[in-house]
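Numbering (UniProt numbering), first residue to last: 1 to 473. What follows is one structure encoded as structure tokens, with my remarks underneath.
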């Protein structure tokens, strides 16, 4: 490729990561996005040409057009014009594979924890000098605001996004899976089809390694119900992270019978924010991370075992994870307001919400309240998971709910932030207007010294926390 490459929706996390990787290769980058942002401004600083009007972009000379699932029917005219000029159209997953075609790949999939786990693996391989190519759907200091970079080493590490099914096109030789949960059912329609997609992801017809956090209920159900359907080759290894009690279960024995020595159990136990694990010749290693929460520990275990498959010993990986750098919008501390810790987290699915609320309440230990400002993400997700979202949010000591962040979706009749009220305790819940200055008046009255104020959601909810910090008493 010599470019130029046109990225449609270049301001998105996945697309901007690919654009940075193209810039690393000295390819000319042209981008379209309706909105200017810090992401698009940084791409401009690095040499990208970005337009806000798609019709003003000349297509003459464009070598490849890269698009994502976020580009919809509104852009049909542009797509038709691109096709009429015989310019290759590549989905972002296809383009990524073009970029990493000369490297072995480590992919990270799962309903939750992909970004954190990918960052952990990337940090491990980077610190041991393996110079990996990296693509992460989040902001981490490891990549200096980029989200993606080309490396000269043997491996490429990237997130495998299941939201639109394109993760099945990834041909990674090392595949990590953190969990399976009811998300993106607007695409898959049924739980069975979702499980079938993940089953295809972990089945190998050629040589490779798979690492599964098999204590997850969703993964366990797939292993239990579809043991016979798991495809493996003679060069296949399946690392199962699970508690010792699970090795006595019928589904595990059936899997062991099918795979024999290709199945490698990674036995762990968790006590007081420390995860102890053993596998193969590595015995009784204690994993401790600088972030609270069981989910960080289990993601860390998956990352550590995945790094072992890439050639890094658990002892070295463990030392690196002890200083794990984290990802922006994952229990990120924004600042202190009048003795209140202001935090931001990307959690937007019931399981993610429960995990972060539980971990922060455990951190508080009744020394203050956890006040949650929640912004529902997408009308479809709210409609499908309304009761489950309400159940997880009810764990907060005090709850404030913003209007739904549409993420480009059209409204659904009868679905709004008011839809949560029948499922929540009205004494601890209050609906906000989505007008920041008015909302802050309500928020301030809810906060006392010693509390944690958590901005929670995948939209722009952190902006309320940042504005609060600007208004110091």
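For glycine and all other residues, C-beta sits at the position ideal for the given N, C-alpha and C.
Contact criterion: CB-CB distance below 8 Å. Does residue i meet it with respect to chain D?
i, result
"residue 388", "Absence of chain D from the displayed structure is noted, only one protein chain being present."
Report, in whole angstroms, the separation of the C-beta atoms of residue i and residue j, which I expect to be a contact under 8 Å.
i, j, result
"residue 325", "residue 140", "6 Å"
"residue 150", "residue 194", "With a Cβ gap of about 32 Å, residue 150 and residue 194 do not count as contacting."
"residue 310", "residue 106", "6 Å"
"residue 109", "residue 177", "5 Å"
"residue 92", "residue 15", "6 Å"
"residue 452", "residue 389", "Rounded, the Cβ-Cβ distance is 20 Å, inconsistent with contact."
"residue 128", "residue 306", "Not a contact, Cβ separation roughly 14 Å."
"residue 10", "residue 31", "3 Å"
"residue 275", "residue 240", "So it is not a contact: roughly 15 Å between Cβ atoms."
"residue 287", "residue 318", "6 Å"
"residue 112", "residue 181", "6 Å"
Measuring only the C-alpha atoms, how far is residue i from residue j?
i, j, result
"residue 285", "residue 313", "12 Å"
"residue 299", "residue 217", "15 Å"
"residue 61", "residue 4", "7 Å"
"residue 190", "residue 377", "20 Å"
"residue 95", "residue 19", "10 Å"
"residue 337", "residue 114", "31 Å"
"residue 391", "residue 259", "39 Å"
"residue 254", "residue 208", "21 Å"
"residue 295", "residue 78", "43 Å"
"residue 446", "residue 153", "51 Å"
"residue 475", "residue 37", "Shown here, the chain extends from 1 to 473; a query on residue 475 therefore has no answer."
"residue 459", "residue 250", "42 Å"
"residue 369", "residue 398", "7 Å"
"residue 410", "residue 269", "45 Å"
Hey, could you find the ends of the alpha helix (DSSP H) residue i is sitting in?
i, result
"residue 442", "436-446"
"residue 201", "191-202"
"residue 122", "114-127"
Less than 8 Å between C-beta atoms, sequence neighbours within five positions excluded: which residues of the same chain meet that for residue i?
i, result
"residue 290", "322, 323, 324 and 326"
"residue 199", "222, 226, 229 and 230"
"residue 329", "138, 139, 344, 345, 346 and 462"
Kindly list the residues whose CB is nearer than 6 Å to the CB of residue i, restricted to its own chain and excluding five residues on each side of it in sequence; keep chain order.
i, result
"residue 67", "8"
"residue 400", "373, 430 and 432"
"residue 505", "Residue 505 lies beyond the range of the chain shown here (1 to 473); nothing can be said about it."
"residue 186", "380"
Can you find the residues in the same chain that come closer than 7 Å, C-beta to C-beta, to residue i, ignoring five residues on each side of it along the sequence?
i, result
"residue 53", "none"
"residue 335", "342 and 469"
"residue 252", "246"
"residue 59", "81, 82, 85 and 87"
"residue 339", "449 and 450"
At what residues does the beta strand (DSSP E) containing residue i begin and finish?
i, result
"residue 392", "That residue, residue 392, is in no beta strand (DSSP E); its alpha helix (DSSP H) goes 379-393."
"residue 429", "429-431"
"residue 360", "Counting along the chain, residue 360 falls outside any beta strand (DSSP E), though it belongs to the alpha helix (DSSP H) covering 350-364."
"residue 463", "Run containing residue 463: none in the beta strand (DSSP E); it sits in the alpha helix (DSSP H), 462-470."
Cβ of residue i versus every heavy atom of the ligand ZN: is any distance shorter than 7 Å?
i, result
"residue 344", "This structure simply doesn't include the ligand ZN, nor any ligand for that matter."
Return the chain-ordered ranges of every alpha helix (DSSP H) run that is complete within the UniProt domain "Mur ligase N-terminal catalytic" (5-103) and spans a minimum of 4 residues.
13-24, 38-45, 76-84 and 92-99
List, from N- to C-terminal side, the alpha helix (DSSP H) runs of 4 residues or more that fit wholly inside the segment 248-328.
250-259, 294-309 and 314-321
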